[in-house]
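Residue numbers (the numbering used here), protein chains in the order written: chain A, 5 to 648; chain B, 5 to 648.
Notes follow the structure.
There are 2 protein chains.
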Amino acid sequence: MYMNKYLSNVPLEEGLEKYLSVLKNSRVRDTEYIDIEESLNRMSSDAVYAKLSSPFYNCSAMDGVAVKSKSTFFANEQNIITLIEGKDYVEVDTGDPIPKQFDAVIMIEDILEKDNNKVKIYKPAIPWQHIRCLGEDIVEKEMLIPSFHNIKPQDVGAMISARIDKIQVFKEFKVGIIPTGTELIDRYTDPKIGDIIEFNSRLFEGLILDYEGKPILYPIVEDNYEKIKHSVLQAIKECDMVLVNAGSSQGREDYTYDIIDEIGEVCIHGLAIKPGKPAILGHIQGKPIIGIPGYPVSAWVVMENMVKPILRKLIYKDLETAKIIHAALSKRVMSSLKYEEFIRVKLGFIDNKYVATPIKRGAGTITSLVHADGVIRVPQNIEGIEEGSLVNVELLKDDNNIKNTIISIGSHDIVMDIINDELIKSSLGKVSLSSTHVGSFQGMLAIKKHESHIAPIHLFDTDTESYNIPYIEKYIEEDVAIIKLVRRTQGLIVKKGNPFNIKSIKDLVNIRYINRQKGSGTRILLDYLLNKEGIKKSEISGYEREESTHMSLAKAIQNGDADCGMGVYSAANIFGLDFIPICDEEYDLLLNENMLKTDYIKSLLDVINKEIFKEKVISLGGYNLDNTGKVIKLKRKVKVEYSN
Amino acid sequence: MYMNKYLSNVPLEEGLEKYLSVLKNSRVRDTEYIDIEESLNRMSSDAVYAKLSSPFYNCSAMDGVAVKSKSTFFANEQNIITLIEGKDYVEVDTGDPIPKQFDAVIMIEDILEKDNNKVKIYKPAIPWQHIRCLGEDIVEKEMLIPSFHNIKPQDVGAMISARIDKIQVFKEFKVGIIPTGTELIDRYTDPKIGDIIEFNSRLFEGLILDYEGKPILYPIVEDNYEKIKHSVLQAIKECDMVLVNAGSSQGREDYTYDIIDEIGEVCIHGLAIKPGKPAILGHIQGKPIIGIPGYPVSAWVVMENMVKPILRKLIYKDLETAKIIHAALSKRVMSSLKYEEFIRVKLGFIDNKYVATPIKRGAGTITSLVHADGVIRVPQNIEGIEEGSLVNVELLKDDNNIKNTIISIGSHDIVMDIINDELIKSSLGKVSLSSTHVGSFQGMLAIKKHESHIAPIHLFDTDTESYNIPYIEKYIEEDVAIIKLVRRTQGLIVKKGNPFNIKSIKDLVNIRYINRQKGSGTRILLDYLLNKEGIKKSEISGYEREESTHMSLAKAIQNGDADCGMGVYSAANIFGLDFIPICDEEYDLLLNENMLKTDYIKSLLDVINKEIFKEKVISLGGYNLDNTGKVIKLKRKVKVEYSN
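Here it is in structure tokens:
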């Protein structure tokens, strides 16, 4: 309807190759002379020749005495020779110059006796022994550092030694970053509805630094053809490469394409990748200009997979290959045949193998990049990858880091965040907890399938009106254990003052409800209560609207998007909402029994048994910690054993 | 004799463990609040909680129209529904807020028709479809970043989005660096005999940055107990860790031990490592203070293997494990049973496997660190490693870099440096040449043993009075080839003005000669000429004094350390020395025939056939390039075939 430009669908590799061939002969990098003290990590553009030898005089390699070797030739154990200071020797320390008349050094350890101005020796000195000759390290006028050399600390040391003052290096590669969008505000402005706080430019800044370019941030430009063009022209003049953020698609106010088309040349508009499709690759006067999509994850994919290889090529540096591990996929991934897809995953190291769990959230969620441990690339011609398949994961975090992470898949509670932070603090950053919120039921299945170390669960069994154990008896065949975590109060969260005067489940009819996702313990509880009251799901307006955490549910109520939802007291409390208690429930950690012996779980138990942890949880309100830390082993035949 | 302190011999790992246990509970790191724009690569000391949700209002995830889902429920292909702008819908672009009365977005692509203030739709909108709900990315008051988190670009983005202004991080870890030594001068002072230009502090500065500490450089302090103590006290007050360079052994003017012993505690003095033995590990008021030996390679070994793991531990960061490759050792390595030895090596990738060639030079040579590709650690209880053994090499360079390096082992000529620089320049830094100077004969054997890509040789056969081919016939059984490089003039290098009036080989008796190393073509030539003249080696004073390059030999003559030596015209020319021509010789590149097809050798041939290369060589003087670039194949039965 509004579409005025055609987006191509060029595969990533093909696009990169085509674009690089266009840029190939466009420019030679500028160089500059800089002081060697500023040269660390810069690249030499020309060879450096030594100006002084090192050492620049013959000097002693040992503490001892400098001698004439000829005067020592007949020394041996039967023929101790006495040398006279000044005439036959001088004392030298390591590094001291050897006077011209001497040609060897006898080290302290080989001197038999010393008194006043005499030494006695018992073996001859070989000519030039223990002398560091002039030029041993560096010979004046020799090539010290070649061209295109990345200056390392030892190179700086060598250059100082060789009396080099300045060195010719390639200038820093400036990358101009232009944020565009009328809705954008900077981070210092108070945001109003409709504003978007601009942060992509800071994401790009950090990434460009990581690629070893020099980011130059330009001010936000509103969606105005002439204004954006003006900014682009300025950046192209001042930089070696320009990134224009957003406006790269084919919407009403997407001007990047037309601007590049007017003052330069567009090579490619549209890549066969997801997210990241509406990227624009062009050049102005031979300088690359790239239109980057607005969603942060789309932008990140284009930065990592297009901007990075181009920039590294243009600064003559290698592109380190991503570190790859093999992981079993914990969940089926669907993918379009039209695009190569980049799926962010969390990784766990469980039973000595990696498990990758896709992060569900969209291209607009910067936090998915904060939390991702790796990325799976699903090729263009593949429809999806089945659960359990071994996949290649490009690591975004250190492997060690992943191996020291306790994986928690299951229900959400704020308590899990507190456990994470306490684990991190008590281990000085070595051990952490990674939580994925998929609800209690999925969490229990993750333990069954050995895809998680622990699963926080609160599964209410309607027959026995008890928590967790009946579900485990029914669904799990292995020996497992439960770590009692908290008893928490579930209830109905409503706006401050309870404007609809909600008192019980019966009052949920005719208000705007907001629900939790399928499989969550809270939803199972709601369904049970509705059933008990004889209320049909279809009578609840908003039953289908799902949030995956207590916090996001409470926030939606606070914002007036819904009138009521079920959740824990602590979430209501945090947002200053009213709360109608419904019941107390057992929020426990499920795990395979053999996990109890691992360091992972030992650290976890240490944390939840600490006073500081308990205090923090109590202060949230709505928690009872009487049983916290107790361990219940559930044997295959489900004899319940209590311990601790 | 002068020794007043006892050096212990503590194994590295044991020393590190012991020292860390002493430092263990000594200090908690200080923290500070900084602006998030400065937080990149810093570590959070406390968890960060979101101050604003993202998005902070419900907004459109697509370009399209916002609608009331209820008003669309009955739309289908048979029942086209018309919606009125303002009443039934508003236009929204991606990111636009959804007015409270609407609860779904229909995207452009699903709108059948639009004119003026009406749109027609043919399918219903599901409630909340294509809406990014408040808090989809970030929920206010949720934990955004945990403690002990290394801030990455995406974290900065997320914090801006969540309206975080400042973040609490651990303060930078300051490492004070104190260079001590009366003989030290800074790099701006004109050096006199006996001075040493101080550069270790800059080596340390770069390494500390690499370890993610913050180096603080202190001025040079002369060898004076009180002055060094004063500087140490100041640094200990201002920094988190202090490095005192040199003065760590037990010599006359080594004060570091006594100073630490007076104002703090020495934990270890002397490690079972070579180089690096006389290191001191101590602490003052719980802050680590380390005495580092003065020789740069010893210093580097202590920095990399002691300072680095300690610093990384104290800043709560992992120590990345060194990248290790397996290589065949090209030469036997001897090692002391008393120490763990660190042997620097050059690496070549030859016939699809790595070959490691030890770099011979001593602990005083900073250039050995410039040139090293890796390090072999020989354990304390091992006497040596045999030639051909597979060894673990810790990489100091990128693996790619090593794989793109042409290995040259053999004779030295300045021309090889020019080839290297031209190779680098024409490949934009991708391909380079690594030369090891062991003389022609060893070079030839390196080709025979497949330990080098090429060997520059000039082997004079006394029987045939011709170069190279007779040696190859005699020693090599495989098909090899020769690339003709240069014809060069060998002669006697003497001081300007030829004060001893040397005219021929006969005049070498009774002057101070300086020789080249055994196996070098130049030495073989000298021996032949001496023999021809009936002169005995023992008649040549200085016959045993060896230099391994023409440049260092010429420099020694210029400096007056010897009166004459044999070498090439270009070296004499560079140092303004006089030259008595003796003969012209063929300086060729020997290689296995199958190497001719490789990219390595193709790039090499490209370079030596270039005019720029030839011009540079000609300008040095003493070279003839009539045959440069010609290839001679020497088949197994040594039928000589000429080509090119």
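In this text, a Cβ means the ideal position worked out from N, Cα and C, and glycines have one as well.
For residue i, tell me which candidate among the options has the shortest Cα-Cα distance.
i	options	result
A:S151	A:C271, A:V71, A:V173	A:V173
B:E387	B:E543, B:E345, B:P131	B:E345
B:D355	B:E455, B:G368, B:E269, B:S444	B:E455
B:I578	B:D588, B:C568, B:I586, B:A558	B:A558
A:E481	A:D402, A:Y229, A:F464, A:I451	A:I451
A:Y358	A:N396, A:S339, A:S372	A:N396
A:E537	A:K522, A:V513, A:R520	A:V513
B:E590	B:S431, B:K233, B:N631	B:N631
B:T361	B:Y343, B:K317, B:I406	B:I406
A:G185	A:L600, A:Y299, A:S334, A:I363	A:Y299
B:H330	B:H287, B:L600, B:G392	B:G392
B:N502	B:L581, B:I612, B:T468, B:K145	B:L581
A:D258	A:R381, A:K233, A:K118, A:D511	A:K233
B:Y604	B:V225, B:S430, B:G625, B:A79	B:S430
Looking only at its chain, what residues have a beta carbon closer than 7 Å to the beta carbon of residue i, apart from the 5 residues adjacent to it on each side?
i	result
A:V52	L148, I149, M163, I168, I171
B:S12	I272, H273, G274
A:R516	S545, G546, A566, D567
Please go through the same chain and pick out, in chain order, the residues whose beta-carbon is closer than 8 Å to the beta-carbon of residue i, but skip the five residues on each side of it.
i	result
A:A108	A70, V71, K72, S73, T76, A129, I130, P131, W132, Q133, H134, I135
B:Y598	The sequence given here places Asn at residue 598 of chain B; Tyr does not occur at that position. Taken in chain order, the residues that qualify are D483.
B:L16	L275, A276, I277, N309, M310, E344
A:S165	L56, S58, D141, I142
Under the three-state reduction of DSSP, which class applies to residue i: helix, strand or coil?
i	result
A:Q133	coil
A:F617	helix
B:D588	strand
A:L16	helix
B:R520	strand
A:P720	With chain A running from 5 to 648 in the structure shown, residue 720 of chain A is simply not present.
A:R206	helix
B:G352	strand
B:P383	coil
B:E426	helix
B:S556	helix
B:N8	For B:N8, the pLDDT reaches just 45, beneath the cut-off of 50, and the residue's location in the model is therefore unreliable, although a value from the coordinates is still provided. Coil at B:N8, not helix or strand.
B:D630	coil
B:G495	strand
What's the gap between the Cα of residue i and the Cα of residue j?
i	j	result
A:K507	A:G571	15 Å
B:G3	A:I319	With chain B running from 5 to 648 in the structure shown, residue 3 of chain B is simply not present.
B:V306	B:E269	19 Å
A:S436	B:D97	40 Å
B:D588	B:M448	20 Å
A:I110	A:G68	6 Å
B:I509	B:S253	47 Å
A:D425	A:L608	11 Å
B:E113	A:G280	19 Å
Residues in its own chain within less than 6 Å of residue i by CB, not counting five upstream and five downstream?
i	result
B:G217	F177, V179, L315
B:E89	N121
A:G525	S415, S444, H462, L463
Using a C-beta to C-beta distance shorter than 9 Å, which residues of chain C count as neighbours of residue i?
i	result
B:M555	Protein chains A and B are contained in the structure displayed, whereas chain C is not.
My guess is that residue i and residue j are in contact by the Cβ rule of under 8 Å, so how many angstroms apart are they, rounded?
i	j	result
A:G161	B:F203	4 Å
B:G414	B:P460	4 Å
A:G210	B:L44	5 Å
B:K350	B:D377	5 Å
B:Q158	A:V374	5 Å
Hey, would you say the C-beta of residue i is under 7 Å away from at least one heavy atom of the ligand FMN?
i	result
B:K317	The ligand FMN is absent from the structure shown, which contains no ligand whatsoever.
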